[in-house]
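Notes for the one structure printed next.
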Amino acid sequence: MKVLVPKRCCFGQITFLIKPNTKTFTSFKSVETTSTTHSAKIVPISQIVQWNKSIANFMKNGNYQSALCLFNSMNQRTVVSWNTMMSGYLYNGKFDKARKMFDEMPERDLVSWNIMVSGCVKSKNLGAARVLFDQMPVRDVVSWNVMLSAYAQNGMVDEARRVFEMMPVKNEISWNGMLAAYVGNGMIEEARRLFDCRSSWEVVSWNCLMGGFLKNKRLDEARWVFDRIPVKDLVSWNTIISCYAQTGMLDEAMKLFEESPVKDVFTWTAIVSGHVQNDMLDDARRIFDEMPEKNVVSFNSMITGYAKSNRMDLARELFEAMPSRNTSSWNTMITGYAQNGDIEHARNLFDKMPYRDCISWAAIIAGYAQSGNSDEALQIFIEMQRGGERLNRSASTTVLSTCANIASLELGKQIHGCLYKSGFVSGGIVGNAVLAMYCKCGCIDEAHCVFEEIRERDVVTWNTLIHGYARYGFSRKALELFETMKKDRFKPDDITMVGVLSACSHTGLVDRGTEYFYSMGREYGIIANSKHYSCMIDLLGRAGRLDDAENLLKDMPFEADAATWGALLGASRIHGNTKLGEKAAQMVLAKEPWNAGMYILLSNLYAASGRWGEVRMMRLKMRDTGIKKVPGYSWIEVQNRTHVFTVGDSAHPQSGRIYVFLEDLYLRMQREGYVTSTKLVLHDVDEEEKVQMLKHHSEKLAVAFGILNIPDGRPIRVIKNLRVCEDCHTVMKFISRIEGRVIILRDNNRFHHFNNGVCTCGDYW
DNA sequence: ATAGGGTTAG
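Per the UniProt record's numbering, the very first residue in the first sequence carries number 1; after that it's consecutive.
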């Protein structure tokens, strides 16, 4: 019973014989049942081929059940029948079923092996692919090519090159595979060198090289390639046209567009999106309307343009009009609404969309986070994970920064744990986001550990920790880190220098700070900006050199902003220079008329010198301009729950205990020499400043609650939305000593780390 | 009838 005519097959240099296989048709149960009935009949090969064709057809249409039915009902099969089933399963994403077929099939030929190896690759299991490849009794050029592109697509260029060099026979596909390996992994020079090795390439490879130059925005070289392509195809034209369109050379793009002998939807969309990207929305729309044929991408491109320029009405119109939408279309709309501050519309679409991907979740989370609704942002993130969406970079980064902003340490830690398991934290944006989260949540030691574990550090990684230490008052650590950074050959940028200068000012290192300030242009080519000047004014002012600070401000090559005047104000405060402080505060107010804190500060200042008329004027001005005082509040996280307190708060279930605790504490503090400090001049604190209220400022309530509820030995972490007042600061120092607790208080400016009666801010903030 | 490469638009 021979079904297969022995035939000679040629694969590369390997020529061999496919043996007729009789076992195939008797060794399986489903076959046996039919073969007993029809055992005498020999099914003609043409019939089996017909069946195989039908299997392939079913598979192509996603109907693998019918394919299996037919396969099971066949009383005679060839190895091709099995192969077709396997490849069909893989086409439909059913790797396990394919693998089972492969393991159970009576005899495999070379094609079976190749199908399975490529199946492993497609299901992202490179290891399994390699194992199978090594097990193959015979390999041909196809097998080698599969491994070559597998490595290339997974960024393993060296492995790809090894395969390429080892393979006994190379064909056009192998050469193109190696070229694509270089191009796809950003090694354009290697690609060019390889290209120069051979005199003739297929048009696909020409296009590939040209695309590489396109990705690197190397226009001239892309054009050089284009002009030398012996026989250009549509893709060649499309590539060069998008090259010009994306780099803003629309005239040249249009010229080539006119010249191009054929155009398809790619050509047109390239032109449209070129105009979109160069903010020529009206032109884009005109061309868009002329397009003979549009698809989802063309619509999405146009919608993106409208969304980016706040034209959500027009975006919506197109979105409603388009014949079919994909997830990108929805995502573009959601991002557009969210970034234009219309979170309701964003949420509405998010709820309505049929299928969400990680971009959708990240977009809505970022929308809430940016509109100040951190709680909802975190809630949706949790919902995302419950819904089975895998952790992804963009959502994680957004949520980590939200955790950082509201100091949601528990959630931040959980996310860190999950990311760690997924291997995301080794570097890059996610690693930096984790680092920043710990810094901003007041866990500077944990931040340091994370930093140590990050293998791929960039300048942001260094900056984050340097700033973390500086904001914490650990200036020496910040400066040490800066030195290590330079030793590791990282080039400091302007942000690094802000951290370094602020660290200097916190430790009073006037000479060193001044040296850094004047050398940064010379050594790193960094031009001082207003933040650097603010640091220097702070540094000089804090050291008592108020005149030098003021002169530096006057000599700035650009106009001083509110923050710079704020630095001078702070310096004036610490040295009791009311006159300069008043002037600085007025300047801040001139720059930031909405700054409620400044009104209060100024009016306090006038009050202190008995200028009641001016006090009244400030109050009136505030009322007239409708400036709202920001109410002070503090919050603390205990066992995954956030507890918020306002001044004199009695809403908390434990407030009874809290007040009793505080009363007792005050008695103990007075015995230790505590005197209520009402020196509030030049502080931008309000409401809570009334002396009778002082005792029950929100941060005191939060810390008291923390001591009552957090086990000994663990730090009390409290966040306050305003600056901490002087009395609270003093009280925290006492508490830290009397209760033997570490208190970490983040106010809107920096960290205060109280331990045994001392604060890292050195009592200046 | 089954297996391998690649390029262009959001």
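Yeah, the Cβ is synthetic: ideal placement off N, Cα and C, and Gly gets one too.
Of the choices the options, whose alpha-carbon is the least far from that of residue i?
| i | options | result |
| --- | --- | --- |
| W361 | M598, S123 and F381 | F381 |
| I343 | I287, S329, A369 and T247 | A369 |
| K94 | M74, C120 and S81 | C120 |
| A567 | I42, A338 and L552 | L552 |
| S634 | D649, T625 and R623 | D649 |
| S505 | T496, A470, E483 and L546 | A470 |
| I48 | R737, A321 and R77 | R77 |
| E159 | R130, S328, E202 and G186 | R130 |
| N640 | L409, N405 and D134 | L409 |
| A150 | R198, G656, L126 and L509 | L126 |
| E317 | Y306, D555 and D140 | Y306 |
| Q153 | A128, K122, Q135 and S309 | K122 |
| D375 | V79, H275 and A404 | A404 |
| L540 | A528, L509 and S519 | L509 |
| I710 | P323, H643, Q670 and I229 | H643 |
Using a threshold of 8 Å, state whether the C-beta atoms of residue i and residue j are closer than that.
| i | j | result |
| --- | --- | --- |
| I658 | L694 | no |
| G706 | I627 | no |
| A346 | I334 | yes |
| L722 | D747 | yes |
| Y472 | I429 | no |
| L132 | M116 | yes |
| W462 | F424 | no |
| H467 | M497 | no |
| A395 | C449 | no |
| T398 | I365 | yes |
| M210 | A191 | no |
| E582 | A562 | no |
Can you tell me which of the three DSSP states residue i falls into?
| i | result |
| --- | --- |
| S655 | helix |
| Y633 | strand |
| E290 | helix |
| T514 | helix |
| R542 | helix |
| E446 | helix |
| S39 | With a pLDDT of 47 at S39, under the threshold of 50, the predicted position of this residue should be treated as unreliable, and no value is reported. |
| K53 | helix |
| F474 | coil |
| N755 | strand |
| G720 | First, the residue type needs correcting, since residue 720 is Lys and not Gly in the sequence shown. Strand, per DSSP. |
| L745 | strand |
| V644 | strand |
| E592 | coil |
| E739 | coil |
| E202 | coil |
| V638 | strand |
| E107 | coil |
| E456 | strand |
| R386 | helix |
| V169 | coil |
| W765 | coil |
| D283 | helix |
Would residue i be called buried (16 or more neighbouring beta carbons within 10 Å of its own) or exposed?
| i | result |
| --- | --- |
| G513 | buried |
| residue 805 | Residue 805 is absent from the model: the chain starts at 1 and stops at 765. |
| N604 | buried |
| W206 | buried |
| K263 | buried |
| W594 | exposed |
| D313 | exposed |
| S46 | exposed |
| L501 | buried |
| C197 | exposed |
| L481 | buried |
| V111 | buried |
| residue 771 | Past the boundaries of the shown model lies residue 771; the chain is included only from 1 to 765, so the question cannot be answered. |
| F751 | buried |
Is any heavy atom of the ligand MG found at a distance shorter than 7 Å from the C-beta of residue i?
| i | result |
| --- | --- |
| G127 | The ligand MG is not part of the structure shown, which contains no ligands of any sort. |
Practice item. Kindly confirm or deny that the stretch 226-241 and the stretch 261-269 touch, where touching means at least three C-beta pairs closer than 8 Å. Key: yes
Point to revise | At least 3 beta-carbon pairs within less than 8 Å: the stretch 413-423 vs the stretch 715-726 | key: no
Practice item. Check whether the stretch 376-396 touches the stretch 614-621, counting contact only when three or more Cβ pairs, one atom from each stretch, lie closer than 8 Å. Key: Using a C-beta cut-off of 8 Å, the stretch 376-396 makes no contact with the stretch 614-621, since fewer than three inter-stretch Cβ pairs fall below that distance.
Check your understanding: Just checking, does the stretch 722-741 make contact with the stretch 750-761 on the three C-beta pairs under 8 Å criterion?
Key -> Because the criterion of three Cβ pairs below 8 Å is met, the stretch 722-741 and the stretch 750-761 touch.
**Study point:** Given 8 Å, three or more beta-carbon pairs between the stretch 85-92 and the stretch 57-73
**Key:** yes
Point to revise | Any 3 or more C-beta pairs closer than 8 Å across the stretch 738-745 and the stretch 431-439 | key: no
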